[in-house]
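Residue numbers (the numbering used here), protein chains in the order written: chain U, 1081 to 1367; chain A, 1186 to 1439; chain R, 4 to 274. Positions of the beta carbon are idealized from the N, C-alpha and C atoms, including for glycine. It should be emphasised that the depicted structure is a prediction, and the values quoted were computed from it without experimental measurement. Working notes for the structure below.
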């Protein structure tokens, strides 16, 4: 029979060992992290002193921007409207494309490829999910490439203007939206699906009546979120000539009219902030 | 040990919901007091007024003859002397059992050592002793969310004990536990009051536990004390008063 | 006398039919919506004709990229790695700036409303201005190179992460907070012992996720001279070197994919 004191001493000893082990582990990971940070900082020339030295440049830049030339707002009306229009159509096209694509990108709704006498091996290789895998890969390509890169390519393919911007946003947002919704569809409640199957419904009917209704709220909510993001992207598409406020921004910057640049930034801030506010209210209403 | 003088609490302004009305109770050192009442009677508010998790609207609370005020430094000292046990245990789930118990020692330190989650050897000794008292020392290094409800509550008691408090407030400590485990937890609490001379105030809504464990019972109904006496004197009449209040008072119930 | 059950069923059916009926305001709403979309389409030059013209052009553009000129990879792999470095430091800076601001912006931690308001406003400002605009600003300040890119990314992501951190902290279980307060612990001790342990896994998830997104953003910083692979991309596109562009795009895709996989592996292990 051990006494209380003995067991307390034993526990304390154990605690000391565990703490030492934890310390070693923390030191190991910590020094690894520090090494990575130090190395990468050196590679990209990260230098806090440069920021301090650059402070007068920044200050110079800022003072040349202030006060913003508020009369320039009148000239930004068209660009602001265009930014919104780009985001609206970019998102809308993405929503339309995403409906079929997200169904193809979910394991439980994607069409399965079956070969009658070869099925067993086929499935073991996962080839019956071929459509799913190809769709996911395609979506990853759309997701992986920034909308500005798409905009750059589309601008050189179809010329300057907002049309390239719309396509760029549409393509990138399709990738984002479809992947998210595909995952949402895969996560639906199995019970409701089984109940629908038990009534003798066909696969299509099960998808329409048990799967889609469950995924709809998330789909709408994410689409609204995407619109919010699209507005933010649309404000910079102009940097590569794809329309919207970014074009005014870069134009005034190149002409050294910094007071007007400041106005552009102000309008961008207000637009993004207002969209964020509207979208969060809208999303709260939908959910 | 603890004296409440005309404590009242109204939520949401002067015309709000009255949770406590002129409650005066005196609790002696080492006493095991059960506050009995239906849910919504104001039991939780009463406890939270004592350690000022809730600010009372009026009245005074004395701990050991000194008034508990909301002034930061004094309040920290007062809270250190008052351990609290909750219905939902309120352990920090991702920390180890030992770290949870050690968090009861925080009021003894400034935040500098806490910044590194560091405690000294004496703290650890106290924590492990407290765990031993509730027979949980064998699980000291597990994460708190791996424990069952009864075990979590025992750890929560150990956390309160690690404060080396004069008083423990137990707010419905067994409401989320099944009867067997509930009796075990109440037994621990009662033992603590007896052996360590810690005053225990325990909220309950079940009459049978109150009869079984309490030395003294305070019956609370709609924020008013309707009974104060030894548990032997809990007659059906009085229970009627606690649980089924008279109709004229029924409409201002929160 | 009609059968009451029958009557009730008829009522329900009638109600269903009534619900299906198009009301005037539905039609008006639709009309306004369609008019708005048509107006927006006109504003952005979107029309079936444009699409019919444009899509073959884009297809032709991509067709010119085949076969990729693989030797160009020798020139691009270093900027590609630099892109990852920018993303790493961008996110580190984002957390260093965003976490304190997030703490100040969280309703259940910061009691002083003006402080909270100020922190929220700052986060909003950082968030609303795209990393590219920040990059233009910092390039003007410290010159071309990856360093202003990392700082720009850090500013924008500080806004995004700070808000997410604040929301995560606002949504924790208040029970443990109350319990630690009741022990007599001070404000900072409560944050360290009751709040941080609860939100830590979520914080790590956010950091990893936004690192992934950060790599994708960092691929375009080069367009404004802020380092990374974006510079090579712009150059090849401007010079119509389609087959080189293809290589750059493929390297970006490979990089993004590797990071996606790695971070989902780490994420599955932290819980």
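Would you please state the rounded distance, in angstroms, between the beta carbons of residue i and residue j? I believe it to be under 8 Å.
i: residue 262 of chain R; j: residue 1348 of chain U; result: In fact, because the Cβ distance is near 29 Å, the residues do not count as touching under 8 Å.
i: residue 172 of chain R; j: residue 198 of chain R; result: 6 Å
i: residue 106 of chain R; j: residue 112 of chain R; result: 6 Å
i: residue 1387 of chain A; j: residue 1358 of chain A; result: 7 Å
i: residue 187 of chain R; j: residue 1264 of chain A; result: 3 Å
i: residue 1216 of chain A; j: residue 1400 of chain A; result: 6 Å
i: residue 1317 of chain U; j: residue 1245 of chain U; result: 4 Å
i: residue 1177 of chain U; j: residue 1254 of chain U; result: 4 Å
i: residue 96 of chain R; j: residue 161 of chain R; result: 7 Å
i: residue 1279 of chain A; j: residue 1347 of chain A; result: Between residue 1347 of chain A and residue 1279 of chain A the Cβ distance is about 19 Å, and since that is not below 8 Å, they are no contact.
i: residue 1277 of chain A; j: residue 204 of chain R; result: So it is not a contact: roughly 13 Å between Cβ atoms.
i: residue 115 of chain R; j: residue 221 of chain R; result: No, residue 115 of chain R and residue 221 of chain R are not in contact; Cβ-Cβ is about 36 Å, not under 8 Å.
i: residue 58 of chain R; j: residue 1236 of chain U; result: That pair is no contact at about 15 Å.
i: residue 1269 of chain A; j: residue 185 of chain R; result: 4 Å
i: residue 271 of chain R; j: residue 214 of chain R; result: Actually they do not touch by this definition, with Cβ atoms about 16 Å apart.
Going by DSSP, what residue range makes up the beta strand (DSSP E) through residue i?
i: residue 1309 of chain A; result: Segment 1306-1318 is the alpha helix (DSSP H) holding residue 1309 of chain A; no beta strand (DSSP E) there.
i: residue 1190 of chain A; result: 1187-1196
i: residue 1414 of chain A; result: 1409-1415
i: residue 1270 of chain A; result: 1267-1270
i: residue 1386 of chain A; result: 1384-1389
i: residue 57 of chain R; result: Residue 57 of chain R -> not in any beta strand (DSSP E); alpha helix (DSSP H) instead, spanning 51-66.
Output the boundary residues of the alpha helix (DSSP H) element that contains residue i.
i: residue 1160 of chain U; result: 1153-1184
i: residue 130 of chain R; result: 116-131
i: residue 1199 of chain A; result: No alpha helix (DSSP H) holds residue 1199 of chain A; DSSP gives it neither H nor E.
i: residue 1355 of chain A; result: Element bounds for residue 1355 of chain A: not the alpha helix (DSSP H) but the beta strand (DSSP E), 1352-1355.
i: residue 1363 of chain U; result: 1338-1366
i: residue 178 of chain R; result: 177-185
i: residue 1245 of chain U; result: 1242-1266
i: residue 39 of chain R; result: 27-46
i: residue 97 of chain R; result: 76-108
i: residue 1331 of chain U; result: 1325-1334
i: residue 142 of chain R; result: 134-145
i: residue 73 of chain R; result: Counting along the chain, residue 73 of chain R falls outside any alpha helix (DSSP H), and DSSP gives it neither H nor E.
So who's on the other strand from residue i, going by DSSP bridges?
i: residue 1252 of chain A; result: A:1247
i: residue 1230 of chain A; result: Its beta-bridge partners do not exist; DSSP assigns none.
i: residue 1217 of chain A; result: A:1385
i: residue 1328 of chain A; result: A:1281
i: residue 1405 of chain A; result: A:1410
i: residue 1212 of chain A; result: A:1187
Meets three-Cβ-pair contact criterion under 8 Å: the segment 1393-1413 of chain A and the segment 1219-1229 of chain A
The segment 1393-1413 of chain A vs the segment 1219-1229 of chain A: in contact.
In chain order, what residues of the segment 1099-1130 of chain U put their CB closer than 8 Å to some CB of chain A?
Cβ proximity to chain A below 8 Å picks out nothing from the segment 1099-1130 of chain U.
Do three or more CB pairs link the segment 1291-1304 of chain A to the segment 1370-1384 of chain A at distances below 8 Å?
no
Positions along the segment 1244-1278 of chain U whose CB lies within less than 8 Å of some CB in chain A
none
Could you run through the segment 88-100 of chain R and flag, in chain order, every residue whose CB is less than 7 Å away from some CB of chain U?
Against chain U - using a Cβ distance shorter than 7 Å - the residues of the segment 88-100 of chain R are 88, 89, 91, 92 and 95.
Contact between the segment 35-49 of chain R and the segment 1215-1227 of chain U (3+ Cβ pairs under 8 Å):
no
Taking beta-carbon pairs under 9 Å, can you tell me which members of the segment 97-129 of chain R lie near chain A?
none
Within the chosen definition, does the segment 121-141 of chain R reach the segment 70-89 of chain R through at least 3 CB pairs nearer than 8 Å?
Using a C-beta cut-off of 8 Å, the segment 121-141 of chain R makes no contact with the segment 70-89 of chain R, since fewer than three inter-stretch Cβ pairs fall below that distance.
Per the contact definition of three or more C-beta pairs closer than 8 Å, is the segment 1314-1332 of chain U in contact with the segment 1178-1193 of chain U?
no
Between the segment 153-181 of chain R and chain U, which residues of the former have a C-beta closer than 9 Å to a C-beta of the latter?
153 and 154
To be precise: take each residue of the segment 1271-1286 of chain A, compare its Cβ to all Cβ atoms of chain R, and keep it if any distance is under 7 Å. Which residues remain?
For the segment 1271-1286 of chain A, which is checked against every Cβ of chain R, the residues closer than 7 Å are 1271, 1273, 1275, 1276, 1277, 1279 and 1280.
Hey, is the segment 1189-1207 of chain U in contact with the segment 1221-1241 of chain U, meaning 3+ C-beta pairs nearer than 8 Å?
no
Name the residues in the segment 190-223 of chain R whose C-beta lies less than 8 Å from a C-beta of chain B; which are they?
Here the protein chains are U, A and R, and chain B is not one of them.
Below 8 Å, how does it come out for the segment 1289-1305 of chain U and the segment 1261-1275 of chain U: are there three or more Cβ pairs, yes or no?
Yes: the two stretches touch, three or more of their Cβ pairs being nearer than 8 Å.
Check whether the segment 1269-1285 of chain A touches the segment 1322-1329 of chain A, counting contact only when three or more Cβ pairs, one atom from each stretch, lie closer than 8 Å.
yes
Looking at chain U, which residues of the segment 1301-1330 of chain A have a Cβ within less than 7 Å of any of its Cβ atoms?
So the close ones are 1309, 1310, 1313, 1314, 1317, 1322, 1325 and 1326.
Is it true that the segment 1390-1398 of chain A meets the segment 1298-1308 of chain A, where meeting means three or more beta-carbon pairs spaced less than 8 Å apart?
Judged by Cβ distances under 8 Å, the segment 1390-1398 of chain A makes no contact with the segment 1298-1308 of chain A, as fewer than three pairs qualify.
Tell me, please, whether the segment 14-24 of chain R touches the segment 1130-1150 of chain U by the rule of three or more beta-carbon pairs shorter than 8 Å.
no
Decide yes or no for the touch test of the segment 1110-1128 of chain U against the segment 86-97 of chain R: beta carbon pairs closer than 8 Å, at least 3 of them.
yes
Check whether the segment 188-196 of chain R and the segment 240-256 of chain R touch, using three or more Cβ-Cβ pairs below 8 Å as the test.
no
Determine which residues of the segment 10-34 of chain R have a Cβ less than 7 Å from any Cβ of chain A, and write them out in chain order.
none
Given 8 Å, three or more beta-carbon pairs between the segment 1082-1100 of chain U and the segment 1307-1323 of chain A:
Touching, yes.
Counting Cβ pairs, one atom from each stretch, are 3 or more of them under 8 Å apart for the segment 144-152 of chain R and the segment 221-235 of chain R?
The segment 144-152 of chain R, when compared against the segment 221-235 of chain R, does touch it at the 8 Å Cβ threshold.
Can you confirm whether the segment 1156-1171 of chain U touches the segment 119-133 of chain R when touching is taken to mean that 3 or more C-beta pairs between the two stretches lie within less than 8 Å?
no
Below 8 Å between beta carbons is the criterion; list the residues of the segment 1147-1175 of chain U that meet it against any residue of chain R, in chain order.
1161, 1162, 1164, 1165, 1166, 1168, 1169 and 1172
With three or more C-beta pairs closer than 8 Å as the rule, is the segment 1331-1342 of chain U touching the segment 1162-1172 of chain U?
no
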